[in-house]
Amino acid sequence: MQNTVSSPNRASAQGATYRERLSPSLWLLGAAAIVAPMVALVFVRIDPAISLALGVAAAVGLIALLLAASPVVAVADGRLHAGRARIEVEHLGEPVALSGEEARNARGVGLDPRGWYLVRGGIDPVVVIPVIDPDDPVTSWTISTRTPDRLAAAVVRAQITQRSRGR
């Protein structure tokens, strides 16, 4: 589930140029639905109707919890938001969109121990953005995204906007 804002008027009205919810994959949501028959089997000896209702309620509740707890990646008002973390785009370098083997390497053996990560299973592409602030102990941000090119472009657009406002 991603929502990108392309029109400048909509972007300024909402304050966002990019927004994506890193929701769980359909496989994970399907696996969460298996909770329904498991809960129903526990209570079936009490009352079949109640057990069915409890099973459905447990599955719906778990799926809703998974969706609600999904982090949001956004570029808005000169900031990059990744989950609960935020950083001004002026402190970031050139973003690099990676997918396939390059993304696997960035999430695995190429992982910088001083970096900050928002990596989600089931979402292969990542964007790696170096931190250019010398006072920041974090050297880079690595963020999972389903649309790495759009996220990288949104960060670059926000950086250009920040530079033009500063003049």
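Using the working numbering, the letters of the sequence shown map in sequence onto residues -4 to 162. Yeah, the Cβ is synthetic: ideal placement off N, Cα and C, and Gly gets one too.
(1) Going by the CB atoms, is the gap between V114 and V91 shorter than 9 Å?
(2) Do L93 and A101 have their beta-carbon atoms positioned less than 9 Å apart in this structure?
(3) Measuring alpha carbon to alpha carbon, tell me which of E89, D42 and A64 ends up nearest V126.
(4) Considering A64, what are the terminal residues of the beta strand (DSSP E) in which it resides?
(5) Could you tell me if V84 is buried or exposed, where buried requires 16 or more neighbouring beta carbons within 10 angstroms of its beta carbon?
(6) Less than 6 Å between C-beta atoms, sequence neighbours within five positions excluded: which residues of the same chain meet that for V67?
(7) Let me know if P108 comes out buried or exposed under the rule of 16 or more other beta-carbons within 10 Å of its beta-carbon.
Judging by the given coordinates:
(1) no
(2) yes
(3) E89
(4) Per DSSP, A64 belongs to no beta strand (DSSP E) and is neither H nor E.
(5) buried
(6) R16
(7) exposed
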